[in-house]
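Here the sequence shown is numbered in full-length UniProt numbering, starting from 1 and rising by one per residue. Note that CB positions come from ideal geometry on N, CA and C, so glycine has one too. Note that the coordinates shown come from a computational prediction; the quantities given were computed from them, not determined experimentally.
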Amino acid sequence: VFPESSLKVTGVDFLKSQNTRQHHTDGYNIKNLVVRRGQPFNVQVSLNRELSAADKLSLHFGIGEKPVKNRGSLLSLKPEREDFNGWKISVVKKNGKECLLSVTSSPNAAVGKYNLQVKTGTNIYKPENGVIYLLFNPWCEEDVVYMANEAQRKEYVLNDTGIIYVGSAYSIYNRPWNYGQFEEFVLDACMYLLDKSKLSLTDRRNPANVSRAMSALVNANDDSGVLLGNWSGNYGSGTSPMDWIGSVTILQNYYKTKKPVRYGQCWVFAGVLNTVMRCLGVPCRCVSTFDAAHDTEENLRVDVYLNEKGEKLNSLSLDSVWNFHVWNDAWMKRTDLPEGFDGWQAIDSTPQEQSQGRFQCGPCPVKAVREGDVYLPYDSKFVYAEVNADRVYWVVKKMNGKEKYIKVGTETQAIGKNISTKAVGQNRREDITREYKYPEGSKQERTSMERAYSFIRPSGMVPRSGYASTVRALSESTQPLIPKEPVTKSGLHIEITNTEALHPGNPLEMAITVKTSTPGNWTVDVIGSCQLQYYTGKVQANLGTVKETIKLEGTSEMQIPLKIAPDAYMKTLSSVDDEVLILVTAVAEVKETNDKLTKETSMRFEYPPITVQMPETAKLYNDFSCALIFKNKLNVTLENCKLLVEGLGIFKMTTFDQGDIMPGRIMKSEIICTPTRLGEKKIVAKLISNQIKGISTEKGIIITE
1 VFPESSLKVT GVDFLKSQNT RQHHTDGYNI KNLVVRRGQP FNVQVSLNRE LSAADKLSLH
61 FGIGEKPVKN RGSLLSLKPE REDFNGWKIS VVKKNGKECL LSVTSSPNAA VGKYNLQVKT
121 GTNIYKPENG VIYLLFNPWC EEDVVYMANE AQRKEYVLND TGIIYVGSAY SIYNRPWNYG
181 QFEEFVLDAC MYLLDKSKLS LTDRRNPANV SRAMSALVNA NDDSGVLLGN WSGNYGSGTS
241 PMDWIGSVTI LQNYYKTKKP VRYGQCWVFA GVLNTVMRCL GVPCRCVSTF DAAHDTEENL
301 RVDVYLNEKG EKLNSLSLDS VWNFHVWNDA WMKRTDLPEG FDGWQAIDST PQEQSQGRFQ
361 CGPCPVKAVR EGDVYLPYDS KFVYAEVNAD RVYWVVKKMN GKEKYIKVGT ETQAIGKNIS
421 TKAVGQNRRE DITREYKYPE GSKQERTSME RAYSFIRPSG MVPRSGYAST VRALSESTQP
481 LIPKEPVTKS GLHIEITNTE ALHPGNPLEM AITVKTSTPG NWTVDVIGSC QLQYYTGKVQ
541 ANLGTVKETI KLEGTSEMQI PLKIAPDAYM KTLSSVDDEV LILVTAVAEV KETNDKLTKE
601 TSMRFEYPPI TVQMPETAKL YNDFSCALIF KNKLNVTLEN CKLLVEGLGI FKMTTFDQGD
661 IMPGRIMKSE IICTPTRLGE KKIVAKLISN QIKGISTEKG IIITE
């Protein structure tokens with residue numbers, strides 16, 4: 001008998017369409033095969049002759065620069081043999097010279113790009129597009145990112161559009177965002193970040209390490225990561241943070257240039273990190289907290305300083321309360337922690353504070369925040385303070401040439417309100433505050449707070465700021481464990497509202513309502529101020545103040561109007577590149593009892609809407625037209641208008657210059673869209689001008705075959 005000719009591979013078919021459908025990876029816009037770990041996929045190997053019993057055939061999967069067997073970066077798999085590092089391979093069927101193999105990776109395999117080679121005897125075959133991308137697998141029960149609910153997986157892993165909630169606790173509004181984790185080059189950008197992170201192969205198995213590394217790499221602060229943060233109000237040398245409507249352009253630019261993209265603020269960082277985590281297969285959501293504390297000293301306290309007119313001062317405090325702050329929750333089992341801390345983990349890529357020498361934050365178990373277990377890694381003290389700090393108000397008075405600090409109020413329930421994320425499968429806001437905090441005043445809240453305080457030990461109530469610490473303040477004992485809203489002898493209460501719609505170009509009409517609720521005659525001194533501020537709490541302009549003494553008897557109330565003329569603020573509004581909020585602060589002091597109370601409310605300007613007109617359905621590859629209409633119902637001309645439009649799978653990101661839009665004028669733009677993907681798709685549009693930054697909208701369309 002002649003010895004058989006040596007066995008050679010003549011081709012490898014990665015059976016892409018069947019594999020990616022089963023792995024929920026058919027959305028990725030990439031030539032290569034993308035699969036999830038812990039789940040079988042098939043490859044068809046074509047040979048130069050039939051396979052016989054004596055033949056040696058093996059698949060080699062290599063990851064990294066120079067894969068080697070003993071380090072686990074090279075896996076050599078032989079059919080029907082014992083598994084190798086939790087991977088196995090079997091022959092599904094042989095048909096003449098064709099051989100169908102099934103490969104199952106380990107459910108805790110390192111995530112990344114694997115190079116496949118087929119070895120037969122001494123021959124090695126390198127297939128074309130032989131790099132396979134291996135991702136986390138929320139569909140696999142053995143994977144630590146396993147998520148049992150299909151609707152949640154569809155939202156938190158596969159949905160490539162979403163909503164980020166911004167504004168203020170008084171007026172929350174939604175900003176549509178295109179995550180675009182399946183778009184061209186986005187997966188490659190994520191793989192580039194994984195390589196850049198220098199995580200070891202062992203660390204790449206674990207989503208806790210991967211998400212921590214990604215929280216560091218989405219900001220550019222210490223590692224020339226994706227986005228450069230900028231809160232200066234001046235964005236001439238890049239793109240203003242307000243001008244993005246999705247992550248795709250950002251990640252594509254970054255991947256192309258390998259240089260940080262200019263500029264981001266918190267919702268942009270969160271939008272990009274959400275894209276990166278979903279792209280890698282970790283379920284993830286954007287989370288917005290209103291009145292979030294940025295507590296630099298981890299003492300659960302943020303001091304706010306006012307001048308004698310009741311205007312907030314920027315210069316004194318390092319701490320701040322942001323009108324909103326957006327971070328992310330990623331879903332995983334925490335194998336590195338004691339039991340009970342699986343599920344959502346907070347991660348934050350906005351560069352606020354360094355953690356272990358880098359600008360990174362998390363993963364911090366959301367349950368640890370709720371239970372007060374703030375000793376658990378990572379960064380749980382910082383996240384706990386963001387949603388639980390107290391806000392203390394001080395008025396700075398000049399007395400005999402010295403500055404004196406007078407405490408005019410403590411708010412214990414003002415921080416960490418309306419914690420929000422997009423609901424699963426619906427375009428509505430879901431309030432998840434209860435996942436982060438027990439109800440105010442409940443027994444569990446008390447227990448959790450005592451736990452947290454035992455690890456944090458807040459300092460006593462003296463003002464502390466750049467230089468205020470040198471001034472001996474009215475010394476007070478350290479605060480009680482759970483200070484309640486101060487109950488005053490007069491039952492003093494303040495409410496701040498707007499009495500007319502807050503349209504740019506109109507007078508701003510607001511009211512401070514002061515109430516008392518106990519018997520007696522009360523004389524109340526009220527000071528109030530109106531300012532424009534950035535969402536980070538930084539004051540941009542003082543618009544006006546009011547000062548009145550009112551008399552109230554028993555249970556009664558009085559409204560003090562506060563009206564600001566358009567001239568007082570329109571100039572500031574047009575000169576900044578950010579969206580600013582209207583901040584109203586009121587301080588009331590009852591003469592008879594010396595009761596003091598401070599209240600602040602941030603409101604956002606209200607804008608006319610953009611409307612989108614397009615069919616409800618369209619057929620794949622058949623053009624349809626979409627009209628974007630905006631009527632300027634304001635009393636001011638909107639200058640330098642730009643319309644930003646993007647529809648994933650239907651319309652590439654484009655900016656249209658619209659010039660100036662006069663009051664009463666209608667802008668109408670028509671675009672032609674070509675659907676290249678099936679399913680529900682969305683058009684996201686945003687109008688920006690010198691005067692207004694934040695008008696956006698979205699509309700869905702269903703694409704059928």
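Asked, Found
"DSSP three-state assignment for LYS596, whether helix, strand or coil", "strand"
"PHE455 - DSSP class collapsed to helix/strand/coil", "helix"
"Within 8 Å, strictly: CB atoms of LEU376 and PRO363", "no"
"N-terminal and C-terminal residue of the alpha helix (DSSP H) that VAL366 is part of", "366-371"
"Outcome for SER477 when other beta-carbon atoms lying within 10 angstroms are tallied against a minimum of 16", "Bear in mind that the predicted position of SER477 carries a pLDDT of just 34, short of 50, making it too unreliable to give a figure here."
"contact_flag[the stretch 153-173, the stretch 415-431] where n(CB pairs < 8 Å) is 3 or more", "yes"
"Proximity of ASN632 and MET662 at Cβ, strictly below 8 Å", "yes"
"Nonlocal neighbours in the same chain, by C-beta distance under 6 Å from PRO519, ignoring five residues either side", "GLY554"
"Expected contact under 8 Å - CB spacing of ILE702 and GLU639 to nearest Å", "That belief does not hold up - the Cβ atoms of ILE702 and GLU639 are roughly 38 Å apart, past 8 Å."
"DSSP state of TYR332 mapped onto helix, strand, coil", "The question names Tyr, but residue 332 is Met in the sequence shown. Strand, per DSSP."
"Buried or exposed by the 16-neighbour rule on C-beta atoms within 10 Å, applied to GLU600", "buried"
"Residues of its chain near ASN521, where Cβ-Cβ distance is below 6 Å and the 5 sequence neighbours each way are ignored", "GLU553"
"Sub-8 Å separation of VAL92 and ASN42 beta-carbons", "yes"
"Cβ distance (whole Å) where LYS551 is taken to contact THR523 below 8 Å", "6 Å"
"Proximity below 8 Å, CB of GLY162 to CB of CYS286", "yes"
"The stretch 388-395 in contact with the stretch 289-306 per 3-pair CB rule at 8 Å", "yes"
"Continuous alpha helix (DSSP H) stretch holding GLU50: start and end", "Neither: GLU50 is in no alpha helix (DSSP H) and is coded neither H nor E."
"CB of LYS8 within 8 Å of CB of ASN48, strictly", "yes"
"Paired residues, beta bridge with ALA346 - DSSP", "ASP329, CYS364"
"Boundaries of the beta strand (DSSP E) in which MET558 is found, first to last residue", "539-564"
"Where residue 712 sits in the DSSP three-state scheme", "Since the displayed the chain opens at 1 and closes at 705, residue 712 lies outside it and no answer follows."
"DSSP bridge partner residues for GLN356 (one or two, in chain order)", "For GLN356, which the question treats as bridged, DSSP gives no partner whatsoever."
"Per DSSP, the bridge partner or partners of ILE132", "LEU33, TYR114"
"Within 8 Å, strictly: CB atoms of LEU562 and VAL539", "no"
"Nearest candidate by alpha-carbon position, reference LYS333, set ALA346, TRP322, GLN444, TRP327", "ALA346"
"Cutoff 6 Å; reference CYS591; Cβ partners in own chain excluding five residues on either side", "Here residue 591 turns out to be Lys, not Cys, going by the sequence shown. For LYS591, where only same-chain residues beyond five positions count, the Cβ hits under 6 Å are THR523."
"Sheet register partners of MET603 (DSSP bridge)", "ILE582"
"Helix, strand or coil at LYS258 according to DSSP, with G and I counted as helix", "coil"
"Proximity of ARG370 and LYS443 at Cβ, strictly below 8 Å", "no"
"Segment contact, 8 Å Cβ cut-off, at least three pairs: the stretch 675-684 with the stretch 136-145", "no"
"Collapsed DSSP secondary structure at MET570 in the structure displayed", "helix"
"ALA468 in three-state terms, based on DSSP", "With a pLDDT of only 34 at ALA468, under 50, the local geometry of the prediction cannot be trusted, and the value read off the model is given with reservation. If DSSP states are grouped into helix, strand and coil, ALA468 belongs with the helices."
"Close-in-space but distant-in-sequence residues of the same chain around ASP203 (CB under 6 Å, 5 per side omitted)", "ASN209"
"Through-space distance from THR120 to LYS619, alpha-carbon basis", "47 Å"
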